[in-house]
Amino acid sequence: MVAGIPPDPFPLELSPELMHQLVAEAGRRLVDHIVSLPGQPASYLAGTTAEAGREAARTQREPLPEEGSPLAPLLDQLFEEWVPVSLNTAGPGYLAYIPGGGLFPSAVADLIAGAVNRYVGVWAAAPALAELEANVIRWFCRMVGYPPEARGFLTTGGSLANLTAVVTARRERLPESFLGGTLYASDQVHHSVVKAAVLAGFPAAQVRRILADEHFRLPLGPLAEAVARDRRAGFSPFLVVGSAGTTNTGAVDNLVALADFAADEGLWLHVDGAYGGFFTLTARGREVLAGLDRADSVTLDPHKGLFLPYGTGSLLVRDGQALRRTHSVRADYMPPIEDSGEFTDFCEISPELSRGFRGLRVWLPMKLHGAGAFRAALDEKLDLARWATAELRRMPGVEILAEPQLSIVAFRLHPTGLTDGDELDGLNRRFLTAINARGRVYMTGTLLRGAFALRISVLSFRTHRERMEMALEDIRSAAAEVLGSPAGG
Ligand SMILES: Cc1ncc(COP(=O)(O)O)c(C=O)c1O
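Numbers 7 to 495, taken from the working numbering, label the letters of the sequence shown in order.
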């Protein structure tokens, strides 16, 4: 056991023995935790444990301790009291929102990055490490089919990548006085795009959200009409955001058509591929995502499609100089900036100066496993979503609301005689609760054209056929349960 930090004239500097013990103790707990994931409930939210979550949250409120304490009781509390009252987002049964799982080598990379604590915001401060990260970005650029002049950087997630994309598009396509700028996306686009526009200085109403077509894609006709209408009204259309996998249904916009339209209209095309972009590693995904290489910028989230732990998104920009024009601001106290053209300072092309060494958490698993392992895992997710859809279709009373374009299927119970409305929505909300109460999978719902829909979102590297069979068993028995009760009760 690590006996806490001993009274010592240099208490913040651990002895080698204590460092070894600290890592060993944390490692032992972590491995126990990871191997227990499949047996853990998919969610704490069913039954009385929801209240346990509130109670555990309240125990966090305590004054800052003046003295240190031993490690073991702290880890006991963490693993035994606090982690269990959370969604099991790392487990195989997590079919909610957008899963990923969280590859263990990335967590090890975080430990190394934190312990080494080198400065990668400025190239000269850690050339090989900054370049390791730049090369991760080169891998991503190659995946989407970008040319060598493309650049990009790792963010903390898709929201910040989308924000930086909107700001870059604004700086590239609008004058300094930009308030007449308008941007376009389908009503299915992720809300982080609207948030990004607002943070970038635009009124929310100037994000024109076009009603999606029957496949939940951005329709070209209404898009063209909206742009023309805005031009006539004196606005300055500057950006269209396509989705490469929406959060609701995994819908992929027609990126080739959007690229043609954006080129004709002089608009910046950003594609939000936070969820779906990495499916370009697979042959089927590449087909669905055709045109991705023509976007001016692309968001990809490694903490989704590359199964990393939360905390890593990325923005890629086809003309890398656009990032520099948007972000470069100099200061006298800064070290020399790398301007040979061969290397890049991340602080010159992104909003941050000091930043974590995020590249390692992508690099280590990709080097350890190789791209083939990721391709196979993504292909498996495409198969699982199709298999689940075929099984759902065979269930009486189940209606498929969105076929999987990638790895999400949306569906609901729709007994004959019930039409869209509160009663049908209520039935489906109870259906979702009954599925999740079985504890083996956790799914979430959404509204599609105003109607409540359930989603199976398969993206964790830990979700395999066995867990999907459990999901379908639970869906079947939950359907029988809720259909056996009065629909409005
Ligand atoms: C399509 C899409 N875009 C953007 C985001 C935002 O990403 P993040 O949660 O990493 O900020 C998400 C999150 O689920 C998403 O699904």
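Glycine included, each C-beta is placed from N, C-alpha and C at the ideal position.
CB of residue i within 8 Å of CB of residue j, strictly
| i | j | result |
| --- | --- | --- |
| Val304 | Gly291 | no |
| Arg473 | Gly106 | no |
| Glu137 | Phe349 | yes |
| Thr318 | Val368 | yes |
| Arg179 | Phe244 | yes |
| Leu438 | Leu460 | yes |
| Phe222 | Thr252 | yes |
| Leu28 | Leu77 | yes |
| Glu344 | Asp338 | no |
| Tyr6 | Thr450 | As displayed, the chain neither begins before 7 nor continues past 495, which places residue 6 out of reach and without an answer. |
| Leu465 | Lys310 | yes |
| Ala218 | Asp193 | yes |
| Arg176 | Val195 | no |
| Pro111 | Pro315 | no |
| Pro341 | Ala130 | yes |
| Ala119 | Gly362 | yes |
| Gly248 | Tyr281 | no |
| Gly445 | Pro47 | yes |
| Val213 | Ala191 | yes |
| Leu384 | Thr288 | yes |
| Val415 | Leu388 | no |
| Ala156 | Gly326 | yes |
| Ile355 | Leu322 | no |
| Ala394 | Ile462 | yes |
| Glu405 | Phe417 | yes |
| Leu390 | Arg471 | yes |
| Gly297 | Ala265 | yes |
| Pro421 | Gly432 | no |
| Glu23 | Leu81 | no |
| Val447 | Met401 | no |
Integer-rounded CB distance, given that residue j should sit under 8 Å from residue i
| i | j | result |
| --- | --- | --- |
| Gly127 | Ser360 | 6 Å |
| Thr161 | Thr174 | Not quite, the Cβ-Cβ distance comes to about 13 Å (not below 8 Å), so this is no contact. |
| Gly187 | Asp307 | Incorrect: roughly 26 Å between the Cβ atoms, too far for contact. |
| Asn442 | Ser49 | 6 Å |
| Asp278 | Asn168 | 6 Å |
| Phe146 | Phe313 | The pair is not a contact, with the Cβ atoms about 15 Å apart (cut-off 8 Å). |
| Val204 | Ala210 | 5 Å |
| Asn123 | Leu43 | Asn123 to Leu43, Cβ: 30 Å. No contact. |
| Arg324 | Pro79 | About 52 Å; that fails the 8 Å criterion. |
| Leu226 | Ala263 | 5 Å |
| His276 | Asp302 | 6 Å |
| Ala250 | Leu261 | 7 Å |
| Ala440 | Ala484 | 4 Å |
| Phe498 | Leu229 | An answer regarding residue 498 cannot be provided, because it is not within the stretch 7 to 495 covered by the chain. |
| Leu454 | Asn254 | 6 Å |
| Tyr125 | Ala132 | 6 Å |
| Glu87 | Ala52 | Their Cβ separation, rounded to whole angstroms, is 18 Å, which puts Glu87 and Ala52 out of contact at 8 Å. |
Element boundaries [alpha helix (DSSP H), containing residue i]
| i | result |
| --- | --- |
| Phe146 | Pro133 to Val150 |
| Pro22 | Pro22 to Ser42 |
| Thr425 | Neither: Thr425 is in no alpha helix (DSSP H) and is coded neither H nor E. |
| Ile355 | Phe352 to Ile355 |
| Phe110 | Phe110 to Val122 |
| Gly158 | First-last for Gly158: Arg157 to Thr161, but that is the beta strand (DSSP E), not the alpha helix (DSSP H). |
| Val200 | His197 to Leu205 |
| Arg381 | Ala377 to Arg399 |
| Ala328 | Gly326 to His333 |
| Ala167 | Gly164 to Arg179 |
| Glu87 | Element bounds for Glu87: n/a, residue is neither H nor E. |
| Glu293 | Ala289 to Val294 |
Extent of the continuous beta strand (DSSP E) to which residue i belongs
| i | result |
| --- | --- |
| Arg223 | Looking at the DSSP string, Arg223 is not in any beta strand (DSSP E), and its letter there is neither H nor E. |
| Ser320 | Gly319 to Val323 |
| Trp274 | Trp274 to Gly279 |
| Glu405 | Val404 to Ala408 |
| Leu306 | Ser303 to Leu306 |
Paired residues, beta bridge with residue i - DSSP
| i | result |
| --- | --- |
| Thr450 | Arg461 |
| Ala250 | Val258 |
| Leu243 | Checking the displayed sequence, the identity of residue 243 turns out to be Pro instead of Leu. Partner(s): Thr188. |
| Phe417 | Ile406 and Leu460 |
| Arg215 | Ala191 |
| Tyr100 | Tyr448 |
Worksheet entry | Runs of alpha helix (DSSP H) lying entirely within the segment 452-480, each at least 4 residues, in chain order | none
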